[in-house]
Structures are given as C-alpha cells and as structure tokens.
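Numbering (the UniProt record's numbering), first residue to last: 1 to 162. C-beta atoms are modelled at their ideal positions from N, C-alpha and C, and glycine is treated no differently. Please read all numbers here as calculations on a predicted model, not as lab measurements. All remarks here apply to the structure that follows.
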C-alpha cells in the first residue's frame with residue numbers, strides 16, 4: 001500500500017498525465033485501511049486528466065458525479081459497482097468528453113440510469129449488461145438517442161423495455 005501511495009503522490013506532485021487508470025480488487029470485502037487509498041488514487045487519476053477509467057470494486061460507494069465531472073474522461077467502464085448509494089441531489093453533471101460508457105453487473109435503478117444518460121450528451125457507445133435493481137428501461141424516443149451520435153447500443157439484461 002505504501003508503494004502505491006508513493007507512486008500516486010509522485011504523479012500528483014509532478015502532474016504527470018494519466019492515459020488509462022484501472023482500479024480493481026479481487027476479493028469480496030474491502031479492508032477499511034484500503035478504502036482511503038482507492039479514493040486517493042481515483043482523485044489523482046481524475047486530477048491528472050485520465051481518459052480511460054476502469055473501476056471494478058464491489059461494495060465501495062462510487063463517487064459517480066465526481067467521475068462524470070472529469071472533463072478529460074473519454075471511456076468509463078464500471079463492473080460490480082453500486083450506484084444506488086449515489087445521491088441524485090447532486091443534479092445532472094455534463095460530461096462532454098465521454099464517448100463510451102460500459103456498465104457490467106452494476107447496481108443502479110431507473111432514476112440513476114436516466115441521470116447517467118442525461119450526463120453524457122456526446123456518447124457514441126453504451127453497454128448495459130447484467131445490472132441489478134434495474135427493473136424497467138424506458139427508451140421513449142429511440143430516434144433521439146440515434147440523433148446524438150450513438151453508434152453502438154448494447155442492452156443485455158432481462159428487464160421490461162416498453
């Protein structure tokens with residue numbers, strides 16, 4: 001942990017650009033002493049202009065609105081994350097640079113999905129696979145989605161699509 005912390009501090013202090021950053025853990029529970037390190041690493045990556053962010057950490061609240069506010073972010077991949085704890089009171093964040101969003105086995109509800117959808121106006125690729133707590137996906141105007149540069153839309157989930 002000290003080695004990772006020292007490396008990330010060096011990146012922060014020298015403002016070294018980060019192209020791709022991946023945070024993941026392979027075990028189910030996250031020891032409390034590691035949680036602050038995950039958040040510090042994420043902060044450094046966002047501050048240093050990360051373009052591609054992969055986040056695979058179960059049972060750790062994800063600061064999704066902080067992530068979406070990153071102006072440099074082009075691709076976001078979330079796996080095994082819980083977005084149901086995120087407060088919608090933060091409002092919609094416009095993430096103008098995000099082009100690809102992939103959600104795999106992510107806990108989210110219809111309101112969070114709509115908030116995410118409204119946050120990335122120039123999205124070209126959206127993947128949703130195996131997301132929990134999502135019962136219904138409303139796509140009232142599929143033509144509008146296609147009009148905003150959508151090139152790839154993948155829905156692989158057992159939900160009602162009216």
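Review point. Candidates 103, 75 and 107: which alpha carbon is nearest residue 97's?
Key: In the chain shown, residue 97 corresponds to position 97, counting from 1. With distances taken between Cα atoms, residue 97 lies closest to 75.
Exercise for review: Taking the CB atoms as reference points, tell me whether residue 83 and residue 64 lie closer together than 7 Å.
Suggested key: Indexing the chain shown from 1 puts residue 83 at position 83. Indexing the chain shown from 1 puts residue 64 at position 64. Yes, the pair counts as a contact, with Cβ atoms nearer than the cut-off.
**Study point:** DSSP three-state assignment for residue 66, whether helix, strand or coil
**Key:** Reading the chain shown from its first residue, position 66 is the one you call residue 66. Note: residue 66 maps to helix in three-state DSSP.
**Study point:** Pairwise C-alpha distance: residue 114 and residue 100
**Key:** Counted from its first residue, the chain shown places residue 100 at position 100. Counted from its first residue, the chain shown places residue 114 at position 114. So the alpha carbons of these two residues sit roughly 16 Å apart.
Practice item. Could you say which of 54, 105, 1 and 80 lies nearest to residue 60 if we only look at CA atoms? Key: Position 60 of the chain shown, counting from 1, holds the residue named residue 60. Comparing Cα positions, the closest option is 80.
Review point. Is DSSP giving residue 109 helix, strand or coil here?
Key: Taking the chain shown and counting its residues from 1, one reaches residue 109 at position 109. Here residue 109 sits in coil by DSSP.
Check your understanding: So the beta strand (DSSP E) residue 54 belongs to, where does it begin and stop?
Key -> Your numbering for residue 54 matches position 54 in the chain shown. Where residue 54 is concerned, the enclosing beta strand (DSSP E) stretches over 52-56.
Review point. So, using beta-carbon positions, are residue 37 and residue 1 closer together than 7 Å?
Key: By 1-based counting over the chain shown, the position of residue 37 is 37. By 1-based counting over the chain shown, the position of residue 1 is 1. Yes, the pair counts as a contact, with Cβ atoms nearer than the cut-off.
Point to revise | Nonlocal neighbours in the same chain, by C-beta distance under 6 Å from residue 19, ignoring five residues either side | key: By one-based count along the chain shown, residue 19 stands at place 19. Around residue 19: 51.
Exercise for review: Tell me where the alpha helix (DSSP H) around residue 9 begins and ends.
Suggested key: Translated into the one-based positions of the chain shown, residue 9 becomes position 9. Start and end: 2-14.
Check your understanding: First and last residue of the alpha helix (DSSP H) that includes residue 124?
Key -> Here residue 124 refers to the residue found at position 124 of the chain shown. No alpha helix (DSSP H) holds residue 124; DSSP gives it neither H nor E.
Check your understanding: Ordered along the chain, which non-local residues of its own chain (more than five positions away) have a Cβ less than 6 Å from that of residue 58?
Key -> The residue given as residue 58 occupies position 58 in the chain shown. For residue 58, where only same-chain residues beyond five positions count, the Cβ hits under 6 Å are 80.
**Study point:** Run of the alpha helix (DSSP H) containing residue 19, from where it starts to where it stops
**Key:** By one-based count along the chain shown, residue 19 stands at place 19. Residue 19 -> no alpha helix (DSSP H), and no H or E assigned at all.
Review point. By Cβ distance below 7 Å, which residues in the same chain neighbour residue 17 in space, the five residues on each side in sequence not counted?
Key: Locating residue 17 in the chain shown gives position 17, where the first residue counts as 1. Taken in chain order, the residues that qualify are 48 and 49.
**Study point:** Cβ-Cβ separation, residue 44 to residue 12 (assumed contact under 8 Å), whole Å
**Key:** Translated into positions along the chain shown, residue 12 becomes position 12. Translated into positions along the chain shown, residue 44 becomes position 44. Contact flag correct, Cβ pair sits at about 5 Å.
**Study point:** Strand pairing of residue 82, partner residues [DSSP]
**Key:** Walking along the chain shown from the start, residue 82 turns up at place 82. BP columns for residue 82 point to 61 and 107.
Exercise for review: Could you please give the first and the last residue of the uninterrupted alpha helix (DSSP H) stretch that includes residue 40?
Suggested key: Within the chain shown, numbered from 1, the residue matching residue 40 stands at position 40. 35-47 is the extent of the alpha helix (DSSP H) around residue 40.
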